[in-house]
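Colleague: Going by my numbering, 1331 is the number at position 12 of the sequence shown; the sequence numbering is gapless. One structure, as structure tokens, below. Some questions next.
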Amino acid sequence: MIAAWLLQAVLNPQETPHLQLKTSAARATAAPEETVTLRLDVTPKPKMHVYAPGQDGYIAIQLTLTDGAFTARKAKYPAGEKYVMPALNETQLVYAAPFSITQAITLTPAASGTLHIKGSVRYQACDDTVCYLPRTVPVEWTLTVASPRL
């Protein structure tokens, strides 16, 4: 199972000026009505951080999936790290080290063939002195839908 996560992640890294993003799935093949966990590995570049969910007044990183032949559960984010912003005298929860967002999906009974699960990641990255404009980056996972189990 771990090999499937690693193989897909190595094959699809995506770079922005602030982050590296890699998508993977717990399994490459699933039958209709089965649940699969999708994973997005996020690595902030040196001196960068992004905001964890639950911050007032800041744009937290957010994974959103577009509609498809699946039902999505709520994405799971790790706990953020406390970060003191001296210039503003504020403490916020951020991600400055690599982290993963996971989201379980259940394939619909009608799912078939190759399923391209598309979505986006919205975030605002900051370094020690500058907060950059928010960005939205497309992400995608590919699953093969197997015949339903009888």
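Every residue, glycine too, gets a C-beta built ideally from N, C-alpha and C.
At 3 residues or longer, and completely inside the region 1364-1393: list those beta strand (DSSP E) runs for me, N to C.
Modeller: Complete beta strand (DSSP E) runs here, min 3: 1368-1370, 1381-1384 and 1389-1391.
Colleague: Grouping DSSP H, G and I as helix and E and B as strand, with all else coil, what is G1399?
Modeller: G1399: coil per DSSP, three-state reduction.
Colleague: At least one CB of chain D closer than 8 Å to the CB of A1371: is that the case?
Modeller: Chain labels in this structure do not include chain D; a single protein chain is all it has.
Colleague: I think V1413 touches V1369, with their Cβ atoms under 8 Å apart; what is that distance to the nearest whole Å?
Modeller: Contact flag correct, Cβ pair sits at about 6 Å.
Colleague: Looking at the secondary structure, which residues open and close the beta strand (DSSP E) in which H1435 lies?
Modeller: Per DSSP, H1435 belongs to the beta strand (DSSP E) from G1432 to Y1442.
Colleague: Measuring straight from C-alpha to C-alpha, what distance separates L1407 and K1364?
Modeller: Going from the Cα of L1407 to the Cα of K1364 covers about 23 Å.
Colleague: Since L1340 contacts V1355 with CB under 8 Å, what's their CB separation in whole angstroms?
Modeller: With a Cβ gap of about 19 Å, L1340 and V1355 do not count as contacting.
Colleague: For I1436 versus F1389, is the C-beta spacing smaller than 8 Å?
Modeller: Yes.
Colleague: For Y1414, name the three-state secondary structure that DSSP assigns.
Modeller: Looking at Y1414 - three-state DSSP - the assignment turns out to be strand.
Colleague: Which partner residues does P1457 have in the DSSP bridge list?
Modeller: Partner(s): S1439.
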